[in-house]
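J.:
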Amino acid sequence: MPGIPEAEGLYDRIYAVVARIPRGRVATYGQIARLAGIPNGARQVGYALAALHSGSRLPWHRVVNAVGAVSLRAPGAAEQQRFQLEKEGVRFNAAGRVDLRLDRWDGMSRKQRAR
DNA sequence: ATCCTGACTGTTC
DNA sequence: AGAACAGCCAGGA
0 MPGIPEAEGL YDRIYAVVAR IPRGRVATYG QIARLAGIPN GARQVGYALA
50 ALHSGSRLPW HRVVNAVGAV SLRAPGAAEQ QRFQLEKEGV RFNAAGRVDL
100 RLDRWDGMSR KQRAR
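Pasting the structure below:
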């Protein structure tokens, strides 16, 4: 069939990409969407992650928005995400944002700490 | 099928 | 740098 975008589910593809983000690095929603084959699916990525039940082993905390900030809305959740990232070595600036130029995952190699 | 909501993003001011 | 806007698209009512 000419139109089989996701015979395994859209979310599964998103989760698969998130699972590949190496420790100590972050990726943006748009970046993940693109890697999952969903050009303009940034919101879908957020939607998919929101659908995740607590207890999932997916490294969803490594996902930040386009400006390097945490987009969690639930009170306290954002701080928790930041704490977990800092624990992995990701640094936040005074504005509470990640410097994507330094810690963004290149989407290819799994481990590589440039800088 | 229509409308509203949302863990988004790029452009423009 | 921050705010307003307009696209974007999957769910749920």
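In terms of numbering that gives the first Met the number 0, the numbers along the first sequence are unbroken and rise by one, the last being 114. All C-beta atoms, glycine included, are put in the ideal place defined by N, C-alpha and C. Since this is a predicted model, take the numbers as computed values, not measurements.
(1) Tell me which residues share the same chain as residue 108 and place their Cβ nearer than 7 Å to its Cβ, disregarding the 5 neighbours each side in the sequence.
(2) For a test of the three-state rule: what should DSSP assign to residue 24, helix, strand or coil?
(3) Do you know offhand how far residue 70's Cα is from residue 55's?
(4) I'd like to check one pair, residue 66 with residue 25: are the Cβ atoms closer than 8 Å?
(5) Which residues in the same chain as residue 32 place their Cβ atom closer than 8 Å to its Cβ, once the five residues preceding and following it in sequence are excluded?
(6) Can you tell me whether DSSP reads residue 90 as helix, strand or coil?
(7) Please check the pair residue 83 and residue 52, which I expect to be a contact at CB under 8 Å, by giving their CB distance rounded to whole angstroms.
T.: On the basis of the coordinates in this document:
(1) If you number the first sequence from 1, residue 108 lands on position 109. So no residue of the chain qualifies.
(2) Translated into the one-based positions of the first sequence, residue 24 becomes position 25. Note: residue 24 maps to coil in three-state DSSP.
(3) Locating residue 70 in the first sequence gives position 71, where the first residue counts as 1. Locating residue 55 in the first sequence gives position 56, where the first residue counts as 1. So the alpha carbons of these two residues sit roughly 18 Å apart.
(4) Counted from its first residue, the first sequence places residue 25 at position 26. Counted from its first residue, the first sequence places residue 66 at position 67. Contact flag unset, no.
(5) To locate residue 32, count along the first sequence from 1; it is residue 33. Excluding residues within five positions, the ones whose Cβ falls inside 8 Å are 13, 38, 39, 40, 41, 43, 44.
(6) In the first sequence, residue 90 corresponds to position 91, counting from 1. Coil at residue 90, not helix or strand.
(7) Position 84 of the first sequence, counting from 1, holds the residue named residue 83. Position 53 of the first sequence, counting from 1, holds the residue named residue 52. At roughly 17 Å, the Cβ-Cβ gap does not stay under 8 Å, so residue 83 and residue 52 are not in contact.
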